[in-house]
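Visitor:
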Amino acid sequence: MTKQLQLGLVAEGDSRHSEVLRLPRLSEYLGPVKSSSFGTARKLSNFLRAGYAVSEYDELQAARTILLRLPDAALPRVMDELYAAGLVLSNFSFVLCESWLTSEALAPLRQAGATVATLVSVPTQERNWFLMEGQQAAIRQVRQFVDRNDARALEIR
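Under the working numbering, the first residue of the sequence shown carries the number 27, and numbering increases by one thereafter.
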């Protein structure tokens, strides 16, 4: 029996059109959902019909892989907030979703011991396709999730 993959989500901005967050089996894997406010996190969790809202970053401890779905400009602030929360970052994989930034944008998290990757959807008519790049441990985690949703992911090195 394989260990259940538990995802966390840190989201800001408009996530309603996210291909990653529209994968059909998201509700089986999503746990804590953190946003700019508890109310916003609750609304997103209700919209996704998945996960549960949390108010503090330390509540992300329930997940091993954290999806970051936020505007590029918010990334430095969110990374600072993750540091300030006192999380043991080496216990996590962080995946920046649907951004054209590379995993180098997550270098501060990597230097703190976390594994990092990026995941971006590729528009196709056949099925859900994604491109990913980053460290192998984070890639493995996100590939597991993508594969379990009958989607395809191509790794770019």
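For glycine and all other residues, C-beta sits at the position ideal for the given N, C-alpha and C.
Going by Cα to Cα distance, which pick from Gly-34, Arg-42, Glu-124 is closest to Val-80?
Guide: If we check each option's Cα against that of Val-80, Gly-34 comes out closest.
Visitor: If you measure between the beta carbons of Ser-116 and Ala-143, is that distance less than 8 Å?
Guide: Not closer than 8 Å, so no.
Visitor: With 16 other CB atoms within 10 Å as the buried threshold, where does Arg-57 fall?
Guide: A small fix is needed here, since residue 57 is Gly in this sequence, not Arg. Gly-57 should be labelled buried.
Visitor: Phe-73: buried (16+ other C-beta within 10 angstroms of its C-beta) or exposed?
Guide: By the 10 Å Cβ count, Phe-73 comes out exposed.
Visitor: Please identify the residue among Asp-98, Pro-97, Val-114 whose C-alpha is closest to the C-alpha of Leu-86.
Guide: Measuring from the Cα of Leu-86, the nearest candidate turns out to be Val-114.
Visitor: Excluding the 5 residues preceding and the 5 following Ala-163 in the sequence, name in chain order all residues of the same chain whose CB lies nearer than 8 Å to its CB.
Guide: Excluding positions up to five away in sequence, the list reads Ser-119, Thr-141.
Visitor: So what does DSSP say about Arg-68, is it helix, strand or coil?
Guide: DSSP places Arg-68 in helix when its eight states are reduced to three.
Visitor: Taking Cys-123 and Leu-145 to be in contact with their CB atoms under 8 Å, please state how far apart those CB atoms are, rounded to whole angstroms.
Guide: Confirmed, about 5 Å.
Visitor: Quick one: which unbroken beta strand (DSSP E) runs of 3-plus residues sit fully inside the segment 54-112? Chain order, please.
Guide: The segment 54-112 contains these whole beta strand (DSSP E) runs: 56-60, 78-80, 91-95.
Visitor: So what does DSSP say about Gln-170, is it helix, strand or coil?
Guide: Of the three classes helix, strand and coil, the one that applies to Gln-170 here is helix, per DSSP.
Visitor: Near Ser-41, which residues of its chain fall below 7 Å by C-beta distance, leaving aside the five closest residues on each side in sequence?
Guide: Around Ser-41: Leu-47, Leu-70, Arg-95.
Visitor: For Leu-132, which of helix, strand or coil comes out of DSSP?
Guide: Here Leu-132 sits in helix by DSSP.
Visitor: Can you check whether the C-beta of Leu-135 is within less than 8 Å of a C-beta belonging to chain D?
Guide: Chain labels in this structure do not include chain D; a single protein chain is all it has.
Visitor: List the DSSP bridge partners of Arg-178.
Guide: Per DSSP, Trp-155.
Visitor: Nearest to Val-101 by CA position, among Val-168, Arg-178, Glu-38, Arg-166, is which residue?
Guide: Going by the sequence as given, residue 101 is Leu instead of Val. Of the candidates Val-168, Arg-178, Glu-38, Arg-166, the one whose C-alpha sits nearest the C-alpha of Leu-101 is Glu-38.
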